[in-house]
Amino acid sequence: MDVQNFFRSDEQPLETLLPDGGFCGIFRTITCVGDSLSSGEFQTQRADGTFRYHDMYEYSWGQYLARATGSTVYNMSRGGMSARELISLDEYWDLDRFPPTQAYVIALGVNDIQNQNQEVGTLADIQEDWRKNADTFAGHYAGVIQRIKEFQPNARFFLMTIPQEISEERNARGARHAEMVRKIADRFDNCYVIDLQKYAPRYDQAFYDKFFMYGHMNAAGYLLTAKMVMTYMDRIIRHNLRDFDLVGYIGREDMLEG
Numbered sequence: 004m005d006v007q008n009f010f011r012s013d014e015q016p017l018e019t020l021l022p023d024g025g026f027c028g029i030f031r032t033i034t035c036v037g038d039s040l041s042s043g044e045f046q047t048q049r050a051d052g053t054f055r056y057h058d059m060y061e062y063s064w065g066q067y068l069a070r071a072t073g074s075t076v077y078n079m080s081r082g083g084m085s086a087r088e089l090i091s092l093d094e095y096w097d098l099d100r101f102p103p104t105q106a107y108v109i110a111l112g113v114n115d116i117q118n119q120n121q122e123v124g125t126l127a128d129i130q131e132d133w134r135k136n137a138d139t140f141a142g143h144y145a146g147v148i149q150r151i152k153e154f155q156p157n158a159r160f161f162l163m164t165i166p167q168e169i170s171e172e173r174n175a176r177g178a179r180h181a182e183m184v185r186k187i188a189d190r191f192d193n194c195y196v197i198d199l200q201k202y203a204p205r206y207d208q209a210f211y212d213k214f215f216m217y218g219h220m221n222a223a224g225y226l227l228t229a230k231m232v233m234t235y236m237d238r239i240i241r242h243n244l245r246d247f248d249l250v251g252y253i254g255r256e257d258m259l260e261g
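For the sequence shown, my numbering begins at 4 and goes up steadily by one.
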């Protein structure tokens, strides 16, 4: 075994999908923040052509990740969730329901940008107090990070961009979303980007035929997403090992005193 293979500079983030999550397993607690695609939502069609929607969290990519790594994973997500809505829903900030965790994987923006066509905004929309952020995607998305940092200041954040799709119009909005997410990651400490917009397979018709049911993924699609998220997190950790030296003390900072 050559340990230097862990640090190859030419390694692509999703070069080899990992079955066990690799170094993603250093996190014993993780929260997945997102919408229906983070909630294992299944979409089925009735005989009259209308649809049923159910968040089935045991099929979410977060729970596949939990089973693969042995970590405890919370789903701070539901169908239809947006960054704008999440920041103002006090029930999702109940620390008894969603206790502080070491890492947060944030997958928000499909509803904000793709479905509601909300203004993306700029970094100038982000203030020191999240309550004063502008009413833009940038303001609300950054506010989610800022609000988490109030009770877990040393958490590690992994911010997901949106994979490319069939529609060029949606891809253009996805590109604007990705650009802002990358800037927000640079704006805050301990933030990294899971750049599916750049490195994930294109969600073209062939992909949809295999991994989607109507507008949401099937079970295999959510499992594939888990493998991509875990593999990307593993790559980030391996190439930034010093950033994760004290991961075991996140939320236990008092143990470092004295």
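All C-beta atoms, glycine included, are put in the ideal place defined by N, C-alpha and C. Nothing here was measured: the structure is a model prediction, and the numbers come from that model.
1) My understanding is that Met84 touches Asn120, with C-beta atoms under 8 Å, so please give their C-beta distance in whole angstroms.
2) According to DSSP, what are the bridge partners of Gly251?
3) Between which two residues does the beta strand (DSSP E) containing Val76 stretch?
4) Check for me: the alpha helix (DSSP H) holding Phe210 runs from which residue to which?
5) Please report the straight-line C-alpha distance between Asp128 and Glu182, rounded to a whole angstrom.
6) DSSP on Thr125, reduced to helix/strand/coil?
7) Looking at the strands, I want to know which residues DSSP matches up with Cys35.
8) Quick one: what's got a C-beta closer than 6 Å to Arg81's C-beta in the same chain, skipping five residues either side?
9) Could one say the Cβ of Cys35 lies closer than 8 Å to chain C's Cβ atoms, at least one of them?
10) In whole angstroms, what separates the C-alpha of Arg87 from that of Asp138?
11) Helix, strand or coil for Glu168? Go by DSSP, reduced to three states.
12) Per DSSP, Val196 forms a beta bridge with which residues?
13) Taking Arg11 as the reference, which of Pro102, Asn243 and Asn174 has the closest Cα?
14) Use the C-beta contact count for Asn267: other C-beta atoms within 10 angstroms, 16 or more gives buried, fewer gives exposed.
15) Terminal residues of the continuous beta strand (DSSP E) containing Gln48?
16) Can you pull the DSSP bridge partners for Asp93?
17) Does the stretch 17 to 31 come close enough to the stretch 226 to 235 to have 3 or more Cβ pairs within less than 8 Å?
18) Which residues share a DSSP beta bridge with His219?
19) Name the DSSP bridge partner or partners of Tyr56?
20) Alpha carbon to alpha carbon, what distance is there between Lys135 and Thr47?
21) Grouping DSSP H, G and I as helix and E and B as strand, with all else coil, what is His242?
22) Take the Cβ of Leu199 as the centre, count every other Cβ of all protein chains shown within 10 Å, and call the residue buried at 16 or more, exposed below.
23) The alpha helix (DSSP H) with Arg11 in it runs from where to where?
24) Between the Cα of Asn30 and the Cα atoms of Gly65, Tyr206 and Gln7, which residue gives the shortest distance?
25) Spatial neighbours of Met258 within its chain, please: C-beta separation below 7 Å, excluding the five flanking residues on both sides.
26) How about Ile240 and Cys27: do their beta carbons lie closer than 8 Å?
27) Starting from the N-terminal side, write out each stretch of the beta strand (DSSP E) that is 3 residues or longer and does not extend beyond the stretch 128 to 159.
Checking against the coordinates, here is how it stands:
1) Not confirmed; about 17 Å, so no contact.
2) DSSP lists no partner for Gly251.
3) Thr75 to Ser80
4) Gln208 to Phe214
5) 15 Å
6) coil
7) Asn78 and Val108
8) Ser42 and Asp58
9) Among the chains of the structure shown, chain C does not appear; only one protein chain is present.
10) 8 Å
11) coil
12) Leu162
13) Asn243
14) Since the first residue shown for the chain is 4 and the last is 261, residue 267 is missing from the structure and cannot be characterised.
15) Glu44 to Gln48
16) DSSP lists no partner for Asp93.
17) yes
18) Met216
19) Gln46
20) 40 Å
21) coil
22) buried
23) Element bounds for Arg11: n/a, residue is neither H nor E.
24) The sequence shown places Phe at residue 30, rather than the Asn named in the question. Ranking the options by Cα distance to Phe30, first place goes to Gly65.
25) Tyr252
26) yes
27) none
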